[in-house]
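Student: Numbering (this note's numbering), first residue to last: 248 to 395.
The beta carbon of each residue, even a glycine, is placed where N, CA and C say it ideally should be.
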Amino acid sequence: MCLVLEVKMNDVNKNGKEMRSYRTVRSIKSLKLKKDTKINRVHVLLDLYECDDKALGKASLLEQKVKKVFTQFELEPKIQTFYQFQPFGVTAIVCADGLSFTIHTWPEYKSAAIDLYSFNTRRTATQICDQLKTLFKSAEYEMKVRRR
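#1: Unbroken alpha helix (DSSP H) runs of length 4 or more, entirely within the segment 284 to 336: which are they?
#2: Could you tell me how far apart the beta carbons of residue 392 and residue 316 are, in whole angstroms, since I believe they sit closer than 8 Å?
#3: Please classify residue 391: does DSSP put it in a helix, a strand, or coil?
#4: Which same chain residues, not among the five before or five after residue 365, have their C-beta less than 7 Å away from its C-beta?
#5: Once the 5 residues before and after residue 298 are set aside, which same chain residues still bring their CB inside 7 Å of it?
#6: When burial is assigned at 16 or more other CB atoms within 10 Å of the CB, is residue 354 buried or exposed?
#7: Just verifying my parser: in three-state terms, what is the DSSP assignment at residue 377?
Here it is as structure tokens:
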């Protein structure tokens, strides 16, 4: 697997066409980083089951709950979208400084799938997931945490 880093846009070749140049690396080790640079990323996959909450079916209610959690952790959403499926169900994407968050809900099954990628600390990511479990009143859950 290759990592793609440093995307340059708006380069123009001699024919006047826009080009893109990429720098690809085979592993993190091949990057020339300062000795004190820490790569501290965490990816959390959280599946919630037996949720007892109406917010799973309505985008407006889900948005309120997600904003409440982001505010609690002093995260300011930069990009967000909440899509309402018919007759029910929601998909949402929220990006903040150092964090990306997606949720897909299935109210008919009382479940939700959450994907949280944090560039800050593992502690913040798992604390956010713990708060989401509480907000959605999940009786059962499965959480996988991976360092990246």
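Tutor: So, from the listed chains and residues:
#1: 306 to 319
#2: About 18 Å; that fails the 8 Å criterion.
#3: strand
#4: 288, 289, 345, 346, 371 and 372
#5: 357, 358, 359, 383, 384 and 385
#6: buried
#7: helix
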